[in-house]
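Colleague:
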Amino acid sequence: MQNSHREFRVLGPVTAWQGEREIPLKGSKQRTMFAALLFQSGQVVSDLRLGELLWGDRPPATASAQIHTYASRLRRQLAPAVTITRHHPGYLLQVIYGQVDIDLFESQVRFGHGALRLGRHEESVTWFRSALRLWHGAALSNVTEHLIEAERPRLEEARLMTLSARIDAELALGLHERLISEVVDLVYQYPLQEGFRAQLMIALDHGGCREEALSVYREGRRLLAEELGVDPSPTLRSVYQALLSSDSAECLTLTDCYGAGVS
Numbered sequence: 021m022q023n024s025h026r027e028f029r030v031l032g033p034v035t036a037w038q039g040e041r042e043i044p045l046k047g048s049k050q051r052t053m054f055a056a057l058l059f060q061s062g063q064v065v066s067d068l069r070l071g072e073l074l075w076g077d078r079p080p081a082t083a084s085a086q087i088h089t090y091a092s093r094l095r096r097q098l099a100p101a102v103t104i105t106r107h108h109p110g111y112l113l114q115v116i117y118g119q120v121d122i123d124l125f126e127s128q129v130r131f132g133h134g135a136l137r138l139g140r141h142e143e144s145v146t147w148f149r150s151a152l153r154l155w156h157g158a159a160l161s162n163v164t165e166h167l168i169e170a171e172r173p174r175l176e177e178a179r180l181m182t183l184s185a186r187i188d189a190e191l192a193l194g195l196h197e198r199l200i201s202e203v204v205d206l207v208y209q210y211p212l213q214e215g216f217r218a219q220l221m222i223a224l225d226h227g228g229c230r231e232e233a234l235s236v237y238r239e240g241r242r243l244l245a246e247e248l249g250v251d252p253s254p255t256l257r258s259v260y261q262a263l264l265s266s267d268s269a270e271c272l273t274l275t276d277c278y279g280a281g282v283s
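In C-alpha cells form, the structure reads like this:
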C-alpha cells in the first residue's frame, strides 16, 4: 500500500514528498511560490509580495498570469494535502499542521528550551538534536535569490541558536572534552559569533586547556575590533573573567560564566 503521508520541506532544498517519493516541483519560480505560501500558511500572500519574491523589483507584465499558472500547477500536484485558493489580493495556502518541516522544527525547539529551563538537560538535548536533524542543507537552496534574501537569514539564525542551545545543554551534562572538536569547527566557520567562542572557552578550560581558552578570547577580541569595531559582549567578557578568577577548571560552570538571565 502506497504511503499517503505528505511532507513539505524548506530547511534545505524546497521539496514535497509523499512517503519516500519526491513530488516534482519544476522550476525555481514554482518552488519559490510554494515556499512563500508555506511560510505564511493560513494567511493571504498578495500578488505584489509574490511578485517581489519571484522577480524582485521588476516583475514582468505577465506576472499575474504566471502566478496564476504556478498556483494551478501546485494545486494539481499537491492536492488534497494542500489547498491553495484565490483570495483577493493574493493566494491562501492551507496545510495540515505537522507536514511542514519548519513547523516541526520550531515546535521541537520550544520543547527543548522548556526542558532546558527546568534543568532536564538530557531531554533538551534530545529535542534539539531532533530539530536539527530536520535540516537537509542550506535552507531554500533551490529558489529565487529574492526569497533567499528575505527568509534565509532568520532561518539560519534559528538553526545556529538551536545548535548553541544544544551545546549549552551538553556542557551542563559535563561533555566538555567531547564537544571541543565540534565547537572549534563552529568558531572557525563563524568567527564573529560570540556564543560559540564562549562555549569553546568553557569546553577547553574544563578539558584542562586554560591557556588555549584565554587565547580563544584574545583572538575573538582582536577580530571584533578589526571587523566590527566593537568590544566583546558582556557574556564573552564574563566567561573570560570567570576563567581568570577561577582556581580550578572544575569550579567553572555555565552559571559562573553566563550569569543569571544571560544565555
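Take the position in the sequence shown, starting the count at 1, then add 20; the result is the number in my numbering. Each residue gets a CB set at the ideal place from its N, CA and C atoms; glycine is no exception.
With a 10 Å radius around its C-beta and 16 neighbouring C-beta atoms as the bar for buried, classify residue 240 as buried or exposed.
Modeller: When all chains shown are included, residue 240 counts as buried.
Colleague: Just tell me which of 244, 236 and 230 has its CA closest to the CA of residue 346.
Modeller: Any question about residue 346 goes unanswered here, given that the chain covers just 21 to 283.
Colleague: Can you give the beta carbon distance from residue 171 to residue 54, rounded, assuming they're within the 8 angstroms contact cut?
Modeller: Contact doesn't hold; Cβ gap of about 13 angstroms is too wide.
Colleague: Roughly how many angstroms separate the alpha carbons of residue 246 and residue 261, rounded to a whole number?
Modeller: Looking at the two C-alpha atoms, the distance is approximately 22 angstroms.
Colleague: Leaving aside the five residues before and after residue 233 along the sequence, list all residues of the same chain whose C-beta is less than 7 angstroms from its C-beta, in chain order.
Modeller: Within the same chain, residue 233 has close Cβ partners 221, 224, 225 and 263.
Colleague: Answer yes or no: do residue 216 and residue 207 have a C-beta to C-beta separation smaller than 7 angstroms?
Modeller: Taking 7 angstroms as the Cβ cut-off, residue 216 and residue 207 qualify as a contacting pair.
Colleague: When DSSP builds the beta bridges, which residues end up paired with residue 110?
Modeller: The partner list for residue 110 (beta bridge, DSSP) reads 66 and 107.
Colleague: Does DSSP classify residue 42 as helix, strand or coil?
Modeller: DSSP places residue 42 in strand when its eight states are reduced to three.
Colleague: Would you kindly work out how many angstroms separate the C-alpha atoms of residue 200 and residue 147, rounded to a whole number?
Modeller: Residue 200 and residue 147: Cα-Cα distance of roughly 21 angstroms.
Colleague: Give every residue of the same chain whose Cβ lies closer than 8 angstroms to the Cβ of residue 96, excluding the five residues on either side of it in the sequence, and list them in chain order.
Modeller: Closer than 8 angstroms at Cβ, skipping near neighbours: no residue.
Colleague: Between which two residues does the alpha helix (DSSP H) containing residue 137 stretch?
Modeller: Element bounds for residue 137: 121 to 137.
Colleague: Sorted by chain position, which residues of the same chain lie with C-beta nearer than 8 angstroms to residue 117's C-beta, five sequence neighbours on each side aside?
Modeller: Closer than 8 angstroms at the Cβ level, and outside the excluded window around residue 117, lie 123.
Colleague: Measuring alpha carbon to alpha carbon, tell me which residue in 27, 26 and 32 is nearest residue 163.
Modeller: Among 27, 26 and 32, the Cα nearest to that of residue 163 belongs to 32.
Colleague: Please confirm whether residue 144 and residue 135 have their CB atoms less than 7 angstroms apart.
Modeller: Going by C-beta atoms, residue 144 is nearer than 7 angstroms to residue 135.
Colleague: Can you tell me which of the three DSSP states residue 182 falls into?
Modeller: Residue state, collapsed to three classes: helix.
Colleague: With DSSP collapsed to three states, give me the class of residue 35.
Modeller: Three-state result, residue 35: strand.
Colleague: Would the beta-carbon of residue 109 fall within 7 angstroms of that of residue 66?
Modeller: Result yes, Cβ atoms of residue 109 and residue 66 sit closer than 7 angstroms.
Colleague: How about residue 73 and residue 167: do their beta carbons lie closer than 7 angstroms?
Modeller: Taking 7 angstroms as the Cβ cut-off, residue 73 and residue 167 qualify as a contacting pair.
Colleague: Find the nearest neighbour of residue 255 within the set 61, 213 and 82, judged by alpha-carbon distance.
Modeller: For residue 255, the nearest C-alpha among the options comes from 213.
Colleague: How many Å lie between residue 244 and residue 106 at the Cα?
Modeller: Cα-Cα distance, rounded: 49 angstroms.
Colleague: Checking 7 angstroms against the spacing of the C-beta atoms, do residue 114 and residue 103 come in under that value?
Modeller: Yes.
Colleague: State the beta-bridge partners of residue 27 as determined by DSSP.
Modeller: Answer by DSSP bridge pairing, in chain order: 37.
Colleague: Residue 39: buried (16+ other C-beta within 10 angstroms of its C-beta) or exposed?
Modeller: Exposed, because fewer than 16 other Cβ atoms sit within 10 Å of the Cβ of residue 39.
Colleague: For the candidate residues 137, 175 and 259, whose alpha-carbon lies nearest to that of residue 155?
Modeller: Of 137, 175 and 259, the residue nearest in Cα terms is 175.
Colleague: Give the secondary structure of residue 207 by DSSP, where H, G and I count as helix, E and B as strand, and everything else as coil.
Modeller: It is helical.
Colleague: For residue 50, collect the residues of the same chain with a Cβ closer than 8 angstroms to its Cβ; drop the 5 residues on either side in sequence, then sort them by chain order.
Modeller: Cβ within range, chain order: 90, 93 and 94.
Colleague: Going by DSSP in three states, residue 115 sits in which element: helix, strand or coil?
Modeller: Strand at residue 115.
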